[in-house]
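To start, the structure itself, in structure tokens.
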Amino acid sequence: MLDIKLHTQMKIIFTLWLLIFSQLLLAEITVKVDREPVVVDESFHLIFESDQKVDAKPDFSVLTNSFTVLDTRHRSNTQITNGKINYSQMWIVTLIANKTGTLGIPSIRFDKELTRPLSINVLAGSASTQGGSNDNVFVDVEVNTKSPYVQAQLVYTLRLYRSIVTNNASLSEPEVTGGQAVINKLGEDSSFETQRNGKRYVVIERQYVIFPQSSGPMTIQPIVFQGQTGGAGGFFSFDRFNQPTSIVKRSKSVEINVKPIPDSFTGDTWLPANQLSIEEQWSVDPSKLEQGEATTRTLTLKANGLAASHLPAIKSNLPDELKQYPDQPEFDESNNADGYIGVRRDKMAIIPTKGGDYTLPAIKIPWWNTDTDKMEVAELPERNIHIEGSTAPVAVDNVVKQQTTDQDTVIESGNNNQNNLAPITLTKEEPFWKWVSLVLLLLWLLTVVLFWRSKRKTSATDAMEEENISKRKHLKKIQQACKSNAKKETQQALLDWANSHWPEKTIKNLNALKEFSDEDFTLKLDELNNCLYGSSALKWDGDNFLKSFESQSFDKKQSKVVNGKLEPLYKT
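Per my numbering, residue 127 is the first one in the sequence shown, and the count goes up by one each step.
Right, here's the structure in full:
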């Protein structure tokens, strides 16, 4: 009897084990590739299949270590046969291998299930698949120099060659590794046709300017082209053998070595450029100035190969008798086939307070000529001017004394006139009501004055409170725009906040904020400008921008002038 019970229990346990094991078998998700071996930079399909229903959203991001994920698709099918329900699901991931060799495909989690790992063999492509001149599509890149100086421009040119029609085409943006760099798109794309080995190509040329921000070795990563070839010829074409084929092409990577600031450079601000010049303009001829007459002097600094934001303020040490009142600097940028052209204009009003002969000292700006690889000095020579003095120069103290004497004379004259009039005397016969009226008038005037002062104080308090509310409102807009990665909204909110923070200034662009920013936030402003006015594909990190903005001490109105010298853009 005991043996029968034990046999029955073992049978139940075995049945349960079979059920569990069968469920595990049903839950298995198989993985395979559509072909092997695969060729580097050619797309292939990684296929996951399950014969039961799986409620899961798999994460394929682990594949990006060795592959580029082009597309993911999910298909499901349900069939009912003789009352039996059959499920099938399929996930198709389109990949390209980033390198050759034996590459591992790690396990992918589908809810509670893990797929088995897989290894595939990736072969190097032929000359055509690597972007040779006989290929239908290939990407070629070049740089104007492989050894630029730090913060000097490097012109990066890419050309996309196509001898066939492609659809849904895209080109990646250049990226650097091994260091930091500011990358700006240079001008608009150009298009032309050419022939290679008897084959006609349509070429799209695109240029970028790269400003390395750190010295040492640096790599410009390959440009990736993605597109499709083939496909249906029209709306009513259902040829299943003419389906679109994904195509991926990569350019070569470019290795550069960024040189540091040379020891032979002795200037205060590092300015690497192809050409740099300084000039001046006057609203009134300085040789015809008179004492007290104002004129505007405009100093213009122009550099080929530098952004306008990199150019320093132009300082001019004038004699004390020539009072100068600087205006906000103006920035302008343009470009040509050789790269950036940055322009900075510093305007100042000059008022001579005394006649005589004066010497305006020369202005010298050291810079590094990247073409000749040596330091040069842009110079505005000294100028001798003559100021016509007034016929009777009057010192400030004499003017004040003269004004006091004139007032005393007027008062004395008024007293003499009053002495010639009949004296006015108040007698006891004056009516009492006049005195009452006079007292009431004085009390009324006192009440008006007190009311006006209290009203003015209240208005000032209200205005201050309204100003604080406005600042908080703009700050909230900046935070919201940054958290949403909204570049244009961040720019507008930042300008609105700045104009409410400094109402005495007119801040029309982000460059004007650099006067109150440290080096980190200045770089963040450059990045935002690049994203706004450079390539639309550039990514922008609003959270990092917000952190840098909130770390600033704008109330201190920090200036970038240290010990009378402009803080260098690059510190060694």
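Beta carbons: idealized from backbone N, C-alpha and C, even for Gly.
Quick caveat: nothing in here was measured; it's all calculated off a predicted structure.
CB-CB under 6 angstroms to residue i, same chain, minus the five flanking residues each way: which ones, in chain order?
i, result
"Leu249", "Pro163 and Val165"
"Thr320", "Tyr327 and Val329"
"Ser679", "none"
"Lys428", "Ser403 and Val469"
"Ala548", "Annotation note: pLDDT 37 at Ala548 (below 50); position unreliable, no value reported."
"Ile477", "Ala420 and Lys449"
"Gly515", "Gln417 and Gly481"
"Pro445", "Tyr484"
"Gly304", "Pro343, Met344 and Thr345"
"Leu432", "Ala399 and Gly468"
Is the beta carbon of residue i less than 8 angstroms from the beta carbon of residue j?
i, j, result
"Val281", "Gln333", "yes"
"Leu189", "Ile222", "no"
"Pro370", "Gln354", "yes"
"Phe170", "Val159", "yes"
"Phe186", "Asn224", "no"
"Pro412", "Thr422", "no"
"Val308", "Leu284", "no"
"Lys375", "Val263", "yes"
"Thr207", "Tyr213", "no"
"Val219", "Val384", "no"
"Leu312", "Leu297", "no"
"Gln279", "Phe318", "no"
"Ala434", "Glu406", "no"
"Pro300", "Ile382", "no"
"Ser237", "Ala182", "It is worth fixing the name first, because residue 237 is Asp in this sequence and not Ser. A contact, by the Cβ cut-off of 8 angstroms."
"Val267", "Ile349", "yes"
"Pro388", "Ser341", "no"
"Glu168", "Met216", "no"
"Gln347", "Gln306", "no"
"Met658", "Lys614", "One detail in the question is off: residue 658 reads as Leu in this sequence, not Met. Cβ atoms of Leu658 and Lys614: closer than 8 angstroms."
"Glu239", "Ile373", "no"
"Asn637", "Phe457", "yes"
"Ile633", "Ala624", "yes"
"Arg235", "Pro184", "yes"
"Lys665", "Leu651", "no"
"Phe647", "Ser674", "yes"
"Ile211", "Leu172", "no"
Could you tell me which residues DSSP pairs with residue i in its beta bridges?
i, result
"Val219", "Leu172 and Thr198"
"Pro343", "Asn383"
"Pro398", "Trp494"
"Asp458", "Val469"
"Pro338", "Ala307"
"Phe483", "In the sequence as displayed, the identity of residue 483 is Asp instead of Phe. Per DSSP, His512."
"Ala429", "Leu402 and Gly468"
"Val159", "Leu172"
"Ser214", "Asn203"
"Ala475", "Thr422 and Tyr451"
"Thr355", "Thr371"
"Ile440", "DSSP, once it has assigned bridges, lists no residue as partnering Ile440."
"Thr228", "Asn247"
"Leu504", "It should be pointed out that residue 504 corresponds to Ala in this sequence rather than to Leu. Per DSSP, Ile491."
Kindly list the residues whose CB is nearer than 8 angstroms to the CB of residue i, restricted to its own chain and excluding five residues on each side of it in sequence; keep chain order.
i, result
"Thr616", "Ile604, Ala607, Cys608, Leu654, Gly668 and Phe671"
"Phe391", "Pro492, Trp494 and Met501"
"Ile489", "Ile404, Leu425, Ile440, Lys441, Ser442, Glu505 and Leu506"
"Asn461", "Leu312, Gly313, Val335 and Ile467"
"Asp622", "His600 and Lys603"
"Ser363", "Legend: pLDDT at Ser363 = 43, less than 50; position of this residue unreliable, value from coordinates given subsequently. No residues qualify anywhere along the chain."
"Ser596", "Ser626"
"Ile290", "Asn262, Val263 and Thr355"
"Arg579", "none"
Can you check whether the C-beta of residue i is within less than 8 angstroms of a C-beta belonging to chain C?
i, result
"Asp499", "Judged by its chain identifiers, the structure shown contains no chain C, having just a single protein chain."
For residue i, which residues from the same chain have a beta carbon less than 7 angstroms from its beta carbon, with the 5 sequence-adjacent residues on both sides left out?
i, result
"Leu145", "Residue confidence for Leu145 is low, a pLDDT of 45 falling below 50, so the modelled location carries little weight; the figure read from the coordinates is stated next. Around Leu145: no qualifying Cβ."
"Gly227", "Val248"
"Glu331", "Thr283, Arg285, Asp315 and Ser316"
"Asn611", "Trp666 and Gly668"
"Asn270", "Leu280 and Val281"
Inter-stretch contact at 8 angstroms, needing at least 3 Cβ pairs: the region 389 to 407 / the region 493 to 501: Because the criterion of three Cβ pairs below 8 angstroms is met, the region 389 to 407 and the region 493 to 501 touch.
The region 466 to 480 in contact with the region 495 to 508 per 3-pair CB rule at 8 angstroms: Put simply, the region 466 to 480 does not touch the region 495 to 508. Fewer than three CB pairs are less than 8 angstroms apart.
Any 3 or more C-beta pairs closer than 8 angstroms across the region 430 to 442 and the region 413 to 421: As far as the Cβ criterion goes, the region 430 to 442 does not touch the region 413 to 421, which means the pair count is below three.
Contact between the region 442 to 454 and the region 473 to 482 (3+ Cβ pairs under 8 angstroms): Touching, per the Cβ criterion.
Contiguous alpha helix (DSSP H) assignments of at least 4 residues, all confined to the region 264 to 336: DSSP assignment within the region 264 to 336 yields no whole alpha helix (DSSP H) run of 4 residues or more.
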